[in-house]
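Undergrad: Numbering (our numbering), first residue to last: 7 to 236. Beta carbons: idealized from backbone N, C-alpha and C, even for Gly. I am attaching a structure below and will ask some questions about it afterwards.
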């Protein structure tokens, strides 16, 4: 199940536009994380025939985003190979990955603030980071435009290819256990700076997110990492 998460939205018009895009592409679950505006007349006016999406919209605290099996963040700021947190994949690559995940897994599409997007500590929580190619002169998209493009690409892929629903993918709990093993292993190693150890932890988290481990693969990784504890 895919949920669209808007982080601290400030404008009702954007709520309405996102709801309308969701209706266009058959997405039903909209969640507002610490919203700075209400769902009022302006939002409903822009939403047009997507009133059902607004009516079912949930309002949640920031801690809610930590409950997903796969959390996908968005960014307009690209990093280099050395800037792990800001090293995204394309929307097309994301869509190709999502069709492999069975429907009972919780997937969150986290869209940042209208003003500053996602902060680095919020990006660190994401399993996968995506970006939408745009002009270098003005790369930042409006949140509703960003949502519409992402939802279109995912909708197109989900409707054109058969989902691998028979494959049992790793849960958030599985990935958290692996992360715990990795972190304990890294804590036993000597690094020249604390920053390098922190970078390693971010690298492994992002690798696991992009890999979309199956349940069997996750257990194999756990078994391998357990040997380092002995």
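1. For residue 33, which of helix, strand or coil comes out of DSSP?
2. Leaving out five residues on either side along the sequence, give the residues of the same chain with a beta carbon under 6 Å from the beta carbon of residue 42.
3. Can you grab the Cα-Cα spacing for the pair residue 49 / residue 20, in whole Å?
4. Among 33, 75, 163 and 72, which residue has its Cα nearest to the Cα of residue 60?
5. What would DSSP say about residue 14, mapped onto helix, strand or coil?
6. Tell me which same chain residues have a C-beta within less than 7 Å of the C-beta of residue 159, skipping the five on either side of it?
7. Suppose only complete runs of 3+ residues qualify. What are the beta strand (DSSP E) ranges in the region 123 to 198, listed by chain order?
8. In whole angstroms, what separates the C-alpha of residue 216 from that of residue 111?
9. How close, in whole Å, do the beta carbons of residue 79 and residue 129 come, if the pair is a contact with beta carbons under 8 Å?
10. At what residues does the beta strand (DSSP E) containing residue 115 begin and finish?
11. Could you tell me which residues DSSP pairs with residue 107 in its beta bridges?
12. Compare the beta carbon distance of residue 66 and residue 45 with 8 Å and say whether it is the shorter of the two.
13. Give the straight-line distance between the Cα atoms of residue 29 and residue 199, rounded to the nearest whole angstrom.
14. Looking at the strands, I want to know which residues DSSP matches up with residue 80.
15. Any idea which residues DSSP pairs residue 96 with across the strands?
16. What are the boundary residues of the beta strand (DSSP E) that residue 65 is part of?
17. Between residue 82 and residue 118, what straight-line distance do the alpha-carbon atoms span, to the nearest angstrom?
18. Could you pull the DSSP bridge partners for residue 39 from this structure?
19. Measuring only the C-alpha atoms, how far is residue 125 from residue 186?
20. Would DSSP call residue 220 helix, strand or coil?
21. What span of residues does the alpha helix (DSSP H) with residue 233 cover, start to end?
22. Comparing alpha-carbon positions, which option in 131, 135, 114 and 107 lies nearest residue 95?
23. With which residues is residue 8 paired in a DSSP beta bridge?
TA: In this structure, then:
1. coil
2. 14 and 16
3. 7 Å
4. 33
5. DSSP places residue 14 in coil when its eight states are reduced to three.
6. 97, 98 and 101
7. Runs of the beta strand (DSSP E) lying entirely within the region 123 to 198, each at least 3 residues long, are 134 to 137 in chain order.
8. 15 Å
9. 5 Å
10. 113 to 117
11. Answer is none; residue 107 lacks a bridge partner.
12. no
13. So the two alpha carbons sit approximately 49 Å from each other.
14. 136
15. Here residue 96 is bridged, per DSSP, to 137.
16. 64 to 66
17. 10 Å
18. 13 and 66
19. So the two alpha carbons sit approximately 24 Å from each other.
20. strand
21. That residue, residue 233, is in no alpha helix (DSSP H); it is neither H nor E in DSSP.
22. 135
23. 113
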